[in-house]
Amino acid sequence: MLFDLDLLSKNTKFKQYDVCICGAGPAGITVARTLAANGKRVALLEGGSLTYTEDSQRLYEGKSVGVNYWDALKTCRLRFFGGTSNHWTGLCSFFDESDFENRSQALPGWPISRSDVHKYFDRAKEILDLPKNAFQDTVAWSGSDFKTFSNAQSPPTRFNGKYLEELKKSENIDLYINANLTNVHLDAGHTIVDYLEVTNNKNIVFSVTAKQFTLALGTVENARMLLACNKQIKAGIGNQGDMVGRCFMEHLNITYGRFVVDNATYWKNGRVLLQPSPAIIKKLKIGNGVIAFDSNAKTKSYGRLRALKQYLRNLVCSSDTATELARKIQDFPCDGDGFITSMIEQSPNPDSRITLDKVTDRFGIPKVILTWNINKLDMHTIRTIGLTAAKEMAKLGAARVLLPDYILDENVSIKEVGSHCHQMGTTRMSSDPKYGVVDGNSKVHGISNLFMAGSSVFSTGGGCNPTFTVTMLSLRLGEHLSSL
Amino acid sequence: MAKNSANAGKRQFLKLLAIPPLFFVSKLAMYKQKDTILVDNDIVIINGWVLLKSDFY
Numbered sequence: 373m374l375f376d377l378d379l380l381s382k383n384t385k386f387k388q389y390d391v392c393i394c395g396a397g398p399a400g401i402t403v404a405r406t407l408a409a410n411g412k413r414v415a416l417l418e419g420g421s422l423t424y425t426e427d428s429q430r431l432y433e434g435k436s437v438g439v440n441y442w443d444a445l446k447t448c449r450l451r452f453f454g455g456t457s458n459h460w461t462g463l464c465s466f467f468d469e470s471d472f473e474n475r476s477q478a479l480p481g482w483p484i485s486r487s488d489v490h491k492y493f494d495r496a497k498e499i500l501d502l503p504k505n506a507f508q509d510t511v512a513w514s515g516s517d518f519k520t521f522s523n524a525q526s527p528p529t530r531f532n533g534k535y536l537e538e539l540k541k542s543e544n545i546d547l548y549i550n551a552n553l554t555n556v557h558l559d560a561g562h563t564i565v566d567y568l569e570v571t572n573n574k575n576i577v578f579s580v581t582a583k584q585f586t587l588a589l590g591t592v593e594n595a596r597m598l599l600a601c602n603k604q605i606k607a608g609i610g611n612q613g614d615m616v617g618r619c620f621m622e623h624l625n626i627t628y629g630r631f632v633v634d635n636a637t638y639w640k641n642g643r644v645l646l647q648p649s650p651a652i653i654k655k656l657k658i659g660n661g662v663i664a665f666d667s668n669a670k671t672k673s674y675g676r677l678r679a680l681k682q683y684l685r686n687l688v689c690s691s692d693t694a695t696e697l698a699r700k701i702q703d704f705p706c707d708g709d710g711f712i713t714s715m716i717e718q719s720p721n722p723d724s725r726i727t728l729d730k731v732t733d734r735f736g737i738p739k740v741i742l743t744w745n746i747n748k749l750d751m752h753t754i755r756t757i758g759l760t761a762a763k764e765m766a767k768l769g770a771a772r773v774l775l776p777d778y779i780l781d782e783n784v785s786i787k788e789v790g791s792h793c794h795q796m797g798t799t800r801m802s803s804d805p806k807y808g809v810v811d812g813n814s815k816v817h818g819i820s821n822l823f824m825a826g827s828s829v830f831s832t833g834g835g836c837n838p839t840f841t842v843t844m845l846s847l848r849l850g851e852h853l854s855s856l
Numbered sequence: 074m075a076k077n078s079a080n081a082g083k084r085q086f087l088k089l090l091a092i093p094p095l096f097f098v099s100k101l102a103m104y105k106q107k108d109t110i111l112v113d114n115d116i117v118i119i120n121g122w123v124l125l126k127s128d129f130y
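Chains A and B, in that order, give the protein sequences.
If you're matching positions, the first sequence starts at 373 in the numbering used here and goes up one per residue.
If you're matching positions, the second sequence starts at 74 in the numbering used here and goes up one per residue.
See the structure below:
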């Protein structure tokens with residue numbers, strides 16, 4: 373059933389649900405559908421509407437004070453039914469076994485193994501509309517230090533379009549839109565969630581009760597709500613180890629320079645995506661990542677004068693002598709050059725974190741301050757992956773790679789660290805509350821009936837796109853909640 | 074008087090024409106040849122290019 377909270381009167385009494393889930397993105401919808409299939413009664417609360425509205429999206433505004441995160445706090449995520457799947461590119465991949473281990477030394481890895489997650493591999497493929505043979509057509513890479521990045525393309529699945537009708541017809545799921553979570557109320561002992569306060573756009577506050585509660589609001593909002601619900605516990609809910617909001621991770625988007633094709637047989641498909649092998653990750657003490665070689669890239673100019681810039685670039689590139697001369701001054705890419713980009717794992721770092729601002733949104737919830745930090749291990753990973761991949765290309769005779777100063781010389785700082793809108797961490801999974809917020813079942817430490825869903829529970833970021841893993845973890849959480 | 078003024082204009086124009094090449098040459102002068110970096114038994118890095126030693130020897 374579908375209910376619009378904006379149309380409900382103040383005296384509306386909610387049913388008693390088995391589970392109440394906040395957030396109707398891929399994680400929340402997947403948990404809800406799993407519970408419903410097991411006969412559980414579910415309230416699924418979505419803060420936004422069925423379509424994009426600027427009023428709802430503005431609630432995601434925050435401040436970024438660390439490494440430049442441009443306007444990504446507001447633009448990476450979407451605050452309406454279907455969540456960020458509404459602008460997802462659809463690339464799916466999964467963690468290596470070793471991605472679950474501790475690489476940073478400072479913090480433990482996951483308390484669960486890959487096999488715990490991969491039990492849900494085939495079901496996740498169905499949810500994300502991946503073909504049955506997905507991940508099986510990977511061509512082996514002939515080098516020794518890298519392997520082909522195994523990935524599959526979802527159409528991409530828009531959870532809004534695919535699942536809305538099913539949820540409307542569902543007897544077990546009540547979907548509420550314009551239902552903004554504004555407080556999590558605990559019992560007197562502060563160990564059980566009593567009820568949620570949910571506010572509509574007319575500022576009418578409702579109470580929702582259930583046996584179990586799940587926050588599936590996204591990496592930033594999950595941490596924000598736990599920190600903001602501080603009326604009963606000053607530090608926020610689940611924050612006894614001071615870990616809520618910490619270890620915010622992204623996948624780092626680093627430009628690795630250019631290359632010239634040496635042996636054309638390696639470049640039949642134009643694009644080669646490589647990951648360091650688990651052995652080389654261990655040997656060189658680096659994180660994981662994907663390095664993408666595009667053998668025939670197109671240049672692009674930016675800014676108001678982009679047309680003129682592109683014309684001049686093409687003019688210079690049309691002459692070998694002029695190109696050579698330009699390249700003596702600075703790196704000067706031309707159409708048809710090989711380009712190298714990347715998606716590098718960021719290690720969990722407690723200093724990379726979400727905190728609360730004094731400024732509040734229209735519901736009185738403090739806005740977030742993101743301090744995105746990149747540490748020495750991340751810089752080591754960035755440089756080592758670049759250099760090792762370039763060496764492998766030379767040794768195979770596949771290509772000759774030109775690396776920029778900032779990769780070769782650790783005294784030169786990297787001008788621009790980009791991101792991939794893969795927000796992870798902030799309520800990380802750990803069996804010890806000193807190092808995480810949720811346990812191996814995604815239950816918040818110290819609270820018996822509060823669970824977290826989505827990539828906020830990632831203990832490490834791995835070197836792959838997160839949505840497929842989020843879907844498998846959500847199926848796992850749905851099954852666990854069904855068993856309670 | 075008019076001739077002097079025309080010459081001054083020409084000189085000014087020539088000066089302006091000289092700016093782009095001078096800018097380019099100064100940039101070139103700033104460009105510093107990087108050192109060769111030896112990486113391991115097989116690899117050599119020259120001006121950022123990661124190459125095989127056997128390409129040269």
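Cβ atoms here follow ideal geometry from the backbone N, Cα and C, with glycine treated the same way.
Nothing here was measured: the structure is a model prediction, and the numbers come from that model.
DSSP three-state call for V439/A: helix, strand or coil?
-> In this structure, V439/A counts as coil in the three-state DSSP scheme.
Could you have a look at N51/B and say whether DSSP puts it in helix, strand or coil? Within the shown structure, residues of chain B are numbered from 74 to 130, placing residue 51/B beyond reach of any answer.
Q) Taking Cβ positions, are I110/B and L780/A nearer each other than 8 Å? A) Cβ atoms of I110/B and L780/A: closer than 8 Å.
At what residues does the alpha helix (DSSP H) containing Q429/A begin and finish?
Segment 426-429, the alpha helix (DSSP H) holding Q429/A.
Item checked: Contacts that K767/A makes with chain B (C-beta to C-beta distance below 8 Å) -> By Cβ distance, chain B contributes D115, I116, L125.
**Prompt:** Is the region 704-715 of chain A close to the region 685-696 of chain A, with three or more CB pairs under 8 Å?
**Reply:** At 8 Å Cβ cutoff, the stretches touch.
Checklist entry - In chain order, what residues of the same chain have a beta carbon less than 7 Å from the beta carbon of K497/A, not counting five sequence neighbours either side? => result Beyond the five residues adjoining it in sequence on each side, K497/A comes within less than 7 Å, by CB distance, of A506 in the same chain, given in chain order.
Tell me whether the beta-carbon of H557/A lies closer than 8 Å to the beta-carbon of D566/A.
Going by C-beta atoms, H557/A is nearer than 8 Å to D566/A.
**Item:** Neighbour flag for K88/B against chain A, beta carbons, 8 Å
**Value:** No - not a single Cβ of chain A is within 8 Å of the one on K88/B.
Q. Three or more beta-carbon pairs under 8 Å between the region 716-733 of chain A and the region 406-415 of chain A, yes or no?
A. Contact fails between the region 716-733 of chain A and the region 406-415 of chain A, because fewer than three Cβ pairs, one in each stretch, are under 8 Å apart.
Q) Is it true that the CB of T799/A sits closer than 8 Å to the CB of V592/A? A) In this structure, T799/A does not lie closer than 8 Å to V592/A by Cβ.
Using 8 Å as the Cβ pair cut-off and three pairs as the minimum, do the region 387-394 of chain A and the region 575-583 of chain A touch? The answer is yes - the region 575-583 of chain A touches the region 387-394 of chain A, with three or more Cβ pairs under 8 Å.
Please compile the residues from chain A whose C-beta is within a distance smaller than 8 Å of the C-beta of I110/B.
Chain-ordered, the chain A residues with CB closer than 8 Å to the CB of I110/B read L780.
Exercise. Could you please give the first and the last residue of the uninterrupted alpha helix (DSSP H) stretch that includes N686/A?
Key: First-last of the alpha helix (DSSP H) with N686/A: 678-689.
**Asked** When the Cα atoms are used, what is the spatial distance from C394/A to N410/A?
**Response** Distance between the alpha carbons of C394/A and N410/A: 19 Å.
In angstroms with no decimal places, state the Cα-to-Cα distance between T732/A and T743/A.
-> Spanning the two alpha carbons is a distance of roughly 18 Å.
* Tell me, please, whether the CB atom of K105/B is closer than 8 Å to any CB atom in chain A? => Residue confidence is low: K105/B scores 49 on pLDDT, short of 50, so the model does not pin down where it sits. Its coordinate-derived value is still stated next. Output row for K105/B: interface = no.
query: With distances taken between CB atoms, is the gap from N575/A to G834/A smaller than 8 Å?
result: No, Cβ-Cβ distance for N575/A and G834/A is not below 8 Å.
| query | Using a C-beta to C-beta distance shorter than 7 Å, which residues of chain B count as neighbours of R685/A? | reply | Listed along chain B is no residue with a C-beta nearer than 7 Å to that of R685/A; the closest approach is about 16 Å.
Exercise for the section: Taking Y389/A as part of the alpha helix (DSSP H), name the residues at either end of that continuous run. Expected result: Counting along the chain, Y389/A falls outside any alpha helix (DSSP H), though it belongs to the beta strand (DSSP E) covering 389-394.
Item to check | Buried or exposed by the 16-neighbour rule on C-beta atoms within 10 Å, applied to G850/A | outcome: By the neighbour-count rule (16 or more Cβ atoms within 10 Å), G850/A is buried.
How many Å lie between V662/A and D128/B at the Cα? Using only the alpha carbons, I get a separation of about 28 Å.
Looking only at its own chain, which residues have a Cβ that is under 6 Å from the Cβ of G515/A, when we skip the five neighbours before and after it?
Scanning its chain for C-beta atoms nearer than 6 Å, with the 5 sequence neighbours on each side dropped, one finds around G515/A the residues E764, L768, in chain order.
_Please report the straight-line C-alpha distance between D378/A and G454/A, rounded to a whole angstrom._
About 19 Å.
**Message:** For I757/A, count the other beta carbons within 10 Å of its own beta carbon; 16 or more makes it buried, fewer makes it exposed. Which is it?
**Reply:** So I757/A ends up on the buried side.
Review point. How about L374/A and K606/A: are their beta carbons less than 8 Å apart?
Key: Not a contact, by the Cβ cut-off of 8 Å.
Who are the near neighbours of I92/B in its chain, counting only those whose CB is closer than 7 Å to its CB and skipping five residues on each side?
-> Closer than 7 Å at Cβ, skipping near neighbours: no residue.
If you count every other CB in all the chains shown that lies within 10 Å of the CB of N383/A, and 16 or more means buried, which is it? Classification for N383/A: exposed.
May I ask whether a heavy atom of the ligand FAD can be found less than 7 Å away from the beta carbon of E593/A? This structure simply doesn't include the ligand FAD, nor any ligand for that matter.
So, under 8 Å CB-CB, Y778/A and L479/A are touching, yes? Tell me the CB distance rounded to an integer number of Å. The C-beta distance from Y778/A to L479/A rounds to 27 Å, too long to meet the 8 Å contact threshold.
Could one say the Cβ of R755/A lies closer than 8 Å to chain B's Cβ atoms, at least one of them?
For R755/A, the answer is no, since every Cβ of chain B falls outside 8 Å of its Cβ.
**Study point:** Where the alpha helix (DSSP H) through A762/A begins and ends
**Key:** Judged by DSSP secondary structure, A762/A falls within the alpha helix (DSSP H) whose first and last residues are 748-768.
What's the C-alpha gap between V437/A and N783/A?
Cα-Cα distance, rounded: 23 Å.
**Message:** Does the CB of G82/B have a neighbour CB from chain A at under 8 Å?
**Reply:** Chain A places no beta carbon closer than 8 Å to that of G82/B, leaving this residue out of the contacts.
ask   = What do you get for Y104/B, buried or exposed, if any count of 16 or more other CB atoms within 10 angstroms of its CB means buried?
value = Note that Y104/B scores 48 on pLDDT, short of 50, meaning its location in the model is unreliable; the coordinates nonetheless yield the value given after this. Exposed.
Exercise for review: Return no unless some Cβ of chain B is closer than 8 Å to the Cβ of R486/A.
Suggested key: R486/A does not count as touching chain B.
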